[in-house]
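Participant: Before I ask anything, here is the structure I am working with.
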Amino acid sequence: EPKYRLDYQAPAFRIHTTNLTFELDDHATRVTNSMELERLGDDDTLTLDGDDLELAALSLDGVALDAKAYQRTKDKLKIFRVPKRFLLTVVTIIDPARNSSLEGLYKSAGTFCTQCEAEGFRRITYYLDRPDVLSVFTTTIHAPKASYPFLLSNGNCIEKFETGSIQTVTWHDPFPKPAYLFALVAGDFDLLEDSFTTQSGRVVTLQLFVDRGNLPRADFAMAALKRAMAWDEQRFNLEYDLDIYMVVAVDFFNMGAMENKGLNIFNSKYVLADSETATDQDFINVEAVIGHEYFHNWTGNRVTCQDWFQLSLKEGLTVFRDQEFSADMGMRAVKRIQDVRIMRTHQFEEDASPMAHPIRPDKVLEMNNFYTVTVYNKGAEVIRMLHTLLGETGFQKGMKTYIHRHDGQAVTCEDFVRAMEDANDVNLSQFRHWYAYAGTPEVDVDYQFDSTTGSGSLTLQQHTPDTPGQSNKPPMHIPIRLEFVNAHGERIQVVSEHAPVELIELTERRQVVHFSSPEEKVIPALLADFSAPIRLRFEQPEDDLIAILNGAHDAFLRWDASQRIYLNALRNAIRQDDSVELSERFIDVLETAIRNQNTDPALLSLLLQPPSEETLAQEYKVIPIAAATRVVAELKSLLALSLRDALLARYAATDWQQRSFNGNAVAIRMCTNAIAQLLAYHHEDEVILRELDKQFSQSNTMTLAMGALAAAVHAEHPAAERYLAHFADQWGHEKLVMDKWLAVQSSAPGSGTAQKVELLTHHPAFDWGNPNRIYALLATFTHNLNQLHAEDGSGYALIEQAISRLNQQNPQVASRLLSPLLKWRSIPEPQQTQLKRTLERLQTLDNLAPDLHEKLSQALA
Ligand code: ARG
Ligand code: ZN
Numbered sequence: 008e009p010k011y012r013l014d015y016q017a018p019a020f021r022i023h024t025t026n027l028t029f030e031l032d033d034h035a036t037r038v039t040n041s042m043e044l045e046r047l048g049d050d051d052t053l054t055l056d057g058d059d060l061e062l063a064a065l066s067l068d069g070v071a072l073d074a075k076a077y078q079r080t081k082d083k084l085k086i087f088r089v090p091k092r093f094l095l096t097v098v099t100i101i102d103p104a105r106n107s108s109l110e111g112l113y114k115s116a117g118t119f120c121t122q123c124e125a126e127g128f129r130r131i132t133y134y135l136d137r138p139d140v141l142s143v144f145t146t147t148i149h150a151p152k153a154s155y156p157f158l159l160s161n162g163n164c165i166e167k168f169e170t171g172s173i174q175t176v177t178w179h180d181p182f183p184k185p186a187y188l189f190a191l192v193a194g195d196f197d198l199l200e201d202s203f204t205t206q207s208g209r210v211v212t213l214q215l216f217v218d219r220g221n222l223p224r225a226d227f228a229m230a231a232l233k234r235a236m237a238w239d240e241q242r243f244n245l246e247y248d249l250d251i252y253m254v255v256a257v258d259f260f261n262m263g264a265m266e267n268k269g270l271n272i273f274n275s276k277y278v279l280a281d282s283e284t285a286t287d288q289d290f291i292n293v294e295a296v297i298g299h300e301y302f303h304n305w306t307g308n309r310v311t312c313q314d315w316f317q318l319s320l321k322e323g324l325t326v327f328r329d330q331e332f333s334a335d336m337g338m339r340a341v342k343r344i345q346d347v348r349i350m351r352t353h354q355f356e357e358d359a360s361p362m363a364h365p366i367r368p369d370k371v372l373e374m375n376n377f378y379t380v381t382v383y384n385k386g387a388e389v390i391r392m393l394h395t396l397l398g399e400t401g402f403q404k405g406m407k408t409y410i411h412r413h414d415g416q417a418v419t420c421e422d423f424v425r426a427m428e429d430a431n432d433v434n435l436s437q438f439r440h441w442y443a444y445a446g447t448p449e450v451d452v453d454y455q456f457d458s459t460t461g462s463g464s465l466t467l468q469q470h471t472p473d474t475p476g477q478s479n480k481p482p483m484h485i486p487i488r489l490e491f492v493n494a495h496g497e498r499i500q501v502v503s504e505h506a507p508v509e510l511i512e513l514t515e516r517r518q519v520v521h522f523s524s525p526e527e528k529v530i531p532a533l534l535a536d537f538s539a540p541i542r543l544r545f546e547q548p549e550d551d552l553i554a555i556l557n558g559a560h561d562a563f564l565r566w567d568a569s570q571r572i573y574l575n576a577l578r579n580a581i582r583q584d585d586s587v588e589l590s591e592r593f594i595d596v597l598e599t600a601i602r603n604q605n606t607d608p609a610l611l612s613l614l615l616q617p618p619s620e621e622t623l624a625q626e627y628k629v630i631p632i633a634a635a636t637r638v639v640a641e642l643k644s645l646l647a648l649s650l651r652d653a654l655l656a657r658y659a660a661t662d663w664q665q666r667s668f669n670g671n672a673v674a675i676r677m678c679t680n681a682i683a684q685l686l687a688y689h690h691e692d693e694v695i696l697r698e699l700d701k702q703f704s705q706s707n708t709m710t711l712a713m714g715a716l717a718a719a720v721h722a723e724h725p726a727a728e729r730y731l732a733h734f735a736d737q738w739g740h741e742k743l744v745m746d747k748w749l750a751v752q753s754s755a756p757g758s759g760t761a762q763k764v765e766l767l768t769h770h771p772a773f774d775w776g777n778p779n780r781i782y783a784l785l786a787t788f789t790h791n792l793n794q795l796h797a798e799d800g801s802g803y804a805l806i807e808q809a810i811s812r813l814n815q816q817n818p819q820v821a822s823r824l825l826s827p828l829l830k831w832r833s834i835p836e837p838q839q840t841q842l843k844r845t846l847e848r849l850q851t852l853d854n855l856a857p858d859l860h861e862k863l864s865q866a867l868a
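Residues 8 to 868 (UniProt numbering) make up the sequence shown, in order.
Shown next, in the form of structure tokens:
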């Protein structure tokens with residue numbers, strides 16, 4: 008029962024208005040749905056979507072339908088012989104308190120709330136639950152006022168009254184929208200209120216609803232929202248459109264947040280933040296997600312998707328926008344490198360997995376499986392490449408055309424590309440392949456330079472590997488930004504036909520770029536700013552990499568040079584089955600950077616973080632798991648040993664009293680944590696122990712306390728157990744804080760982690776019903792390469808049990824735990840066979856959720 012993109016058919020009916028009434032009740036919420044429908048074609052059968060619904064009444068133009076006039080199947084309601092225009096009223100009864108999937112209307116922790124994207128609205132009422140059916144919604148909610156003082160839905164509140172203990176509130180959203188953007192919330196909250204005046208002078212009321220007692224932790228999110236609104240006006244000339252914008256934070260939520268029109272619903276971990284309980288990264292994430300959901304108001308809501316295959320139309324573009332927002336708000340270079348790390352680890356891994364799909368998939372069984380790093384993050388990289396090719400001005404011209412052309416419509420990725428083409432008078436036909444083909448393109452580079460003639464050449468060859476269902480792919484249009492440095496590590500310019508060589512548009516399978524330079528030595532540095540989501544294969548000698556590290560202008564290039572040196576050292580050690588070695592020259596470069604007070608502390612922190620096991624794993628068809636874990640740990644202790652004094656000196660510069668969240672303070676804390684992460688490999692050093700103790704207990708910020716805790720746990724420092732106990736004592740009552748405590752333990756590479764994690768599932772900090780707890784403890788564990796694939800099978804057993812348990816309870820969460828297990832073909836024996844058996848057993852689960860079925864059948868095919 009998969010669906011195919013090319014089978015798209017326009018809807019046969021329009022729903023002009025949708026009038027919803029909710030009589031909220033834990034186990035029997037009554038939903039009355041009156042729709043003004045218009046039939047567009049000749050076929051007079053109306054087919055509505057529905058899932059797990061009890062039908063209480065059904066009438067057409069006020070007349071109850073008799074049993075012969077309609078037919079119900081498991082997921083459809085068909086109504087025969089409908090007229091051209093009519094009013095259809097459907098009454099359904101649903102059970103929000105029993106809804107543990109957190110999709111549709113559910114009740115958790117005393118709050119009713121909804122999650123309708125992608126296909127959750129059909130769990131509330133019968134509807135044309137597809138994004139290209141746009142309707143004007145009016146929503147009335149009845150509920151006891153004492154328990155639910157706030158009754159919220161999309162748009163503007165138009166009526167509010169009380170009848171005895173029952174409160175009734177009606178909302179009207181003037182903007183036609185698809186059902187996936189519908190939202191309802193009923194509960195008791197603390198309310199933070201503010202306002203924003205738009206560039207055209209309209210005053211918008213901003214409301215942030217949080218659990219009672221959490222008001223002080225909401226200020227940052229509110230300020231971030233105002234920054235996002237101002238930024239979207241300045242950079243994209245996009246202004247907010249309603250008089251009110253509401254954000255509700257809930258504790259039980261499958262994803263990060265949801266951009267429902269005028270009523271965003273957020274996972275509380277992306278709203279609540281103060282320096283005592285949140286790390287700097289948490290603050291950064293709050294700002295990014297607040298921005299992301301706000302930016303959807305134009306890229307997602309005003310212009311939405313024709314069908315779910317087009318998801319990247321809104322998600323890739325909106326991720327690009329939130330990335331740019333974060334970059335403009337703070338550390339652009341750090342943000343870019345962090346985003347590249349996500350691409351290179353998780354997205355490249357997905358591209359190489361059995362679930363590989365293009366950013367615009369062609370075949371989908373369970374849509375929830377496609378909210379992926381490919382659709383989101385690779386999607387954003389594709390938008391970024393357009394930005395690189397067209398420049399900021401050209402890109403904004405394209406955006407303007409896109410918005411003007413398609414405001415109020417449900418459109419496709421093709422429409423977006425065409426707007427970019429038309430606005431800039433360019434041809435992007437080859438660029439469109441990025442939407443159509445899965446897999447990470449590989450570009451091999453061959454480099455020649457002759458100093459006697461001053462002429463050089465770069466030969467580039469591209470190839471995109473086969474992926475399930477796709478082979479023999481055409482060449483892609485790949486923008487490769489580049490720089491050159493000389494032997495002294497100074498940036499230089501080289502020319503080709505009198506123009507400086509700064510951007511290569513690789514379009515052929517094989518392409519040669521000639522250039523000339525008077526320099527003695529010319530070192531090319533390719534893929535500046537990670538200008539394309541590709542794997543570059545270019546072996547450069549360490550001296551050249553060091554020259555790039557010292558001299559490239561682009562921060563990504565400098566960082567990447569360090570990572571290439573680390574990766575070479577790790578791969579050599581694995582190949583020779585020997586200990587890890589770094590050259591004295593490279594150690595000197597690091598020492599100089601550490602001792603130089605002018606080195607940007609944030610970039611220094613990135614330099615001091617060698618590739619993770621997961622990144623190293625990317626280099627292999629069959630992952631040498633045990634060896635990878637060994638060499639990564641060895642590399643860190645080697646750095647700790649060789650750089651001890653310099654690291655300690657730099658560490659001493661930390662300002663322990665500085666608690667505020669601002670660029671420089673954040674950068675210094677990043678650096679302190681990166682240093683701690685290395686120094687903790689000195690298990691017996693009293694000086695270092697004192698420093699770690701100080702960082703852990705006296706720093707007064709969660710960033711530094713967590714930094715010390717993670718350093719100790721991951722390096723298996725003897726202080727780790729003491730820190731863990733102390734932390735649990737101090738924070739046992741704070742669920743979001745304890746998630747960090749769970750995660751740090753399940754990511755420990757040492758043996759016995761699976762057993763420890765199993766024990767932690769019985770700890771009061773854990774809860775099988777809350778996705779945040781499961782992600783913190785169990786999803787984190789699925790990224791612990793060494794322990795997930797432990798030879799004794801303990802890792803597989805743990806995750807198999809968790810997936811079996813969650814299969815029916817919450818398939819979306821179960822499906823997320825499954826993804827890292829799909830790559831069984833890249834796991835060495837004897838684990839490969841065990842893992843394959845695990846997947847085969849999961850396939851035989853009773854009532855296997857489609858989310859799991861799709862991934863398992865793909866993996867075992
Ligand atoms: N549109 C939301 C966002 O990106 C995510 C919704 C996720 N929904 C899902 N069914 N997985 O902000
Ligand atoms: Zn989104």
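Just so you know, even glycine gets a beta-carbon here, dropped at the ideal spot from N, CA and C.
Source: prediction; values computed, not measured.
Quick one: Cα of Val278 to Cα of Arg219, how far?
Facilitator: Taking the first residue of the sequence shown as 1, we reach residue 278 at position 271. Taking the first residue of the sequence shown as 1, we reach residue 219 at position 212. Val278 and Arg219: Cα-Cα distance of roughly 14 Å.
Participant: Considering Cα atoms alone, identify which of Thr408, Lys528, Glu110 is closest to Asp457.
Facilitator: Numbered from 1 along the sequence shown, position 450 holds the residue referred to as residue 457. When only C-alpha atoms are compared, the closest one is Lys528.
Participant: Given Asp314, which residues of its chain have a CB within under 6 Å of its CB, disregarding the five upstream and five downstream residues?
Facilitator: As a first step, residue 314 is located in the sequence shown; it is residue number 307 there, counting from the start. Answer for Asp314: Tyr15, listed in chain order.
Participant: Count the other C-beta atoms from every protein chain shown that fall within 10 angstroms of the C-beta of Trp305, then say buried if there are 16 or more, exposed otherwise.
Facilitator: Along the sequence shown, read from residue 1 onward, the residue named residue 305 stands at position 298. Trp305 should be labelled buried.
Participant: The beta strand (DSSP E) with Pro818 in it runs from where to where?
Facilitator: Looking up residue 818 in the sequence shown gives position 811. Careful: Pro818 lies outside any beta strand (DSSP E), inside the alpha helix (DSSP H) at 818-825.
Participant: Spell out the partners DSSP gives Thr80 in its beta bridges.
Facilitator: By one-based count along the sequence shown, residue 80 stands at place 73. In the DSSP output, where bridge partners are listed per residue, Thr80 has none listed.
Participant: Identify every residue that forms a DSSP beta bridge with Phe203.
Facilitator: One-based indexing of the sequence shown puts residue 203 at position 196. Bridge partners of Phe203: Val211.
Participant: Would you check whether ligand 2 has a heavy atom nearer than 6 Å to the C-beta of Thr325?
Facilitator: Here residue 325 corresponds to residue number 318 of the sequence shown, with the count starting at 1. Yes; taking the cut-off as 6 Å, the Cβ of Thr325 has a heavy atom of ligand 2 nearer than that.
Participant: Between Glu331 and ligand 2, is the CB less than 6 Å from at least one heavy atom?
Facilitator: Here residue 331 is taken as the residue at index 324 of the sequence shown, counted from 1. Result no, Cβ not under 6 Å from ligand 2.
Participant: Give the secondary structure of Thr636 by DSSP, where H, G and I count as helix, E and B as strand, and everything else as coil.
Facilitator: Within the sequence shown, numbered from 1, the residue matching residue 636 stands at position 629. Of the three classes helix, strand and coil, the one that applies to Thr636 here is helix, per DSSP.
Participant: Sort out for me which residues DSSP pairs Trp178 with in a bridge.
Facilitator: Indexing the sequence shown from 1 puts residue 178 at position 171. Paired residue(s): Thr146, Cys164.
Participant: Whether or not the stretch 502-510 and the stretch 437-456 are in contact is what I'm after, with contact meaning three or more pairs of Cβ atoms, one per stretch, closer than 8 Å; do they touch?
Facilitator: Contact fails between the stretch 437-456 and the stretch 502-510, because fewer than three Cβ pairs, one in each stretch, are under 8 Å apart.
Participant: Assess contact between the stretch 534-550 and the stretch 386-397, defined as three or more Cβ pairs (one per stretch) separated by less than 8 Å. Is contact present?
Facilitator: yes
Participant: Consider the C-beta atom of Ala125 and the heavy atoms of ligand 1; say whether any pair is separated by less than 6 Å.
Facilitator: Numbered from its first residue, the sequence shown carries residue 125 at position 118. Within the cutoff, so yes.
Participant: Following the continuous beta strand (DSSP E) through Ala193, name the residue where it begins and the one where it ends.
Facilitator: Along the sequence shown, one-based indexing puts residue 193 at 186. 191-194 is the extent of the beta strand (DSSP E) around Ala193.
Participant: Please confirm whether Ile511 and Val519 have their CB atoms less than 7 Å apart.
Facilitator: Here residue 511 is taken as the residue at index 504 of the sequence shown, counted from 1. Here residue 519 is taken as the residue at index 512 of the sequence shown, counted from 1. Against a cut-off of 7 Å, the Cβ pair of Val519 and Ile511 comes out as no contact.
Participant: Looking at the unbroken alpha helix (DSSP H) that takes in Cys123, where does it start and where does it end?
Facilitator: The count along the sequence shown starts at 1 and reaches residue 123 at position 116. Taken as a continuous stretch (DSSP letters only), Cys123 belongs to no alpha helix (DSSP H), as it is neither H nor E.
Participant: Could you tell me which residues DSSP puts in a beta bridge with Ile675?
Facilitator: Against the sequence shown, residue 675 aligns to sequence position 668. None, per the DSSP bridge assignment.
Participant: Could you name the residues of the same chain whose beta carbon sits closer than 8 Å to that of Asn161, not counting the 5 residues immediately before and after it, in chain order?
Facilitator: To locate residue 161, count along the sequence shown from 1; it is residue 154. Taken in chain order, the residues that qualify are Phe144, Thr146, Trp178, Asp180, Lys184, Leu188, Phe189, Ala190, Asn267, Lys268, Gly269, Leu270.
Participant: DSSP puts Val296 in a beta bridge; with which residues?
Facilitator: Translated into positions along the sequence shown, residue 296 becomes position 289. Answer is none; Val296 lacks a bridge partner.
Participant: Can you find a heavy atom of ligand 2 that lies under 6 Å from the Cβ of Glu388?
Facilitator: Indexing the sequence shown from 1 puts residue 388 at position 381. Incorrect: Glu388 has no Cβ contact closer than 6 Å to ligand 2.
Participant: Beta strand (DSSP E) containing residue 870: first to last residue?
Facilitator: Because the chain here runs from 8 to 868, residue 870 falls outside it and cannot be looked at.
Participant: Nearest CA to the CA of Ser107: which residue from Gln122, Met745, Thr96?
Facilitator: One-based indexing of the sequence shown puts residue 107 at position 100. When the alpha-carbon of Ser107 is set against those of Gln122, Met745, Thr96, the nearest one is in Gln122.
Participant: Over the uninterrupted alpha helix (DSSP H) stretch that includes Gly558, give me the two end residues.
Facilitator: Start at 1 with the first residue of the sequence shown, and residue 558 comes out as number 551. Where Gly558 is concerned, the enclosing alpha helix (DSSP H) stretches over 549-558.
Participant: Are there three or more Cβ pairs, one per stretch, closer than 8 Å when the stretch 194-205 is compared with the stretch 226-236?
Facilitator: yes
Participant: Any chance the CB of Met265 is under 6 Å from a heavy atom of ligand 1?
Facilitator: Here residue 265 corresponds to residue number 258 of the sequence shown, with the count starting at 1. Checking every heavy atom of ligand 1 against the Cβ of Met265, one is found closer than 6 Å.
Participant: Using the C-alpha atoms, what's the distance from Val98 back to Trp566?
Facilitator: For the purposes of this step, residue 566 is taken as residue 559 along the sequence shown, with counting starting at 1. For the purposes of this step, residue 98 is taken as residue 91 along the sequence shown, with counting starting at 1. One C-alpha to the other measures close to 59 Å.
Participant: Under the criterion of a Cβ to heavy atom distance below 6 Å, does Met745 qualify as lining ligand 1?
Facilitator: Indexing the sequence shown from 1 puts residue 745 at position 738. Not one heavy atom of ligand 1 sits closer than 6 Å to the Cβ of Met745.
Participant: Can you tell me whether Asn669 sits near ligand 1, meaning its C-beta is under 6 Å from at least one heavy atom of the ligand?
Facilitator: For the purposes of this step, residue 669 is taken as the residue at position 662 of the sequence shown. Not so, every heavy atom of ligand 1 lies at least 6 Å from the Cβ.
Participant: Would you kindly work out how many angstroms separate the C-alpha atoms of Gly759 and Glu798, rounded to a whole number?
Facilitator: As a working mapping, residue 759 is identified with position 752 in the sequence shown. As a working mapping, residue 798 is identified with position 791 in the sequence shown. Whole-angstrom Cα-Cα distance: 11 Å.
Participant: Going by alpha carbons, who is nearest to Asp68 out of Glu861, Leu62, Asn40, Asn308?
Facilitator: Here residue 68 refers to the residue found at position 61 of the sequence shown. The option with the nearest alpha carbon to Asp68 is Asn40.
Participant: Please list the terminal residues of the continuous alpha helix (DSSP H) segment that includes Glu373.
Facilitator: Here residue 373 is taken as the residue at index 366 of the sequence shown, counted from 1. Run containing Glu373: none; DSSP gives neither H nor E here.
Participant: Is DSSP giving Gln604 helix, strand or coil here?
Facilitator: In the sequence shown, counting from the first residue as 1, residue 604 sits at position 597. Coil at Gln604, not helix or strand.
Participant: Give a yes or no on whether the C-beta atoms belonging to Thr789 and Leu842 are separated by under 7 Å.
Facilitator: If you number the sequence shown from 1, residue 789 lands on position 782. If you number the sequence shown from 1, residue 842 lands on position 835. For Thr789 and Leu842, no; Cβs fall outside 7 Å.
Participant: Whose CA, out of Tyr688, Thr679, Leu696, Arg339, lies closest to the CA of Gly714?
Facilitator: Numbered from its first residue, the sequence shown carries residue 714 at position 707. With distances taken between CA atoms, Gly714 lies nearest to Thr679 out of Tyr688, Thr679, Leu696, Arg339.
Participant: Do Asn791 and Asp746 have their C-beta atoms within less than 7 Å of each other?
Facilitator: Numbered from 1 along the sequence shown, position 784 holds the residue referred to as residue 791. Numbered from 1 along the sequence shown, position 739 holds the residue referred to as residue 746. Not closer than 7 Å, so no.
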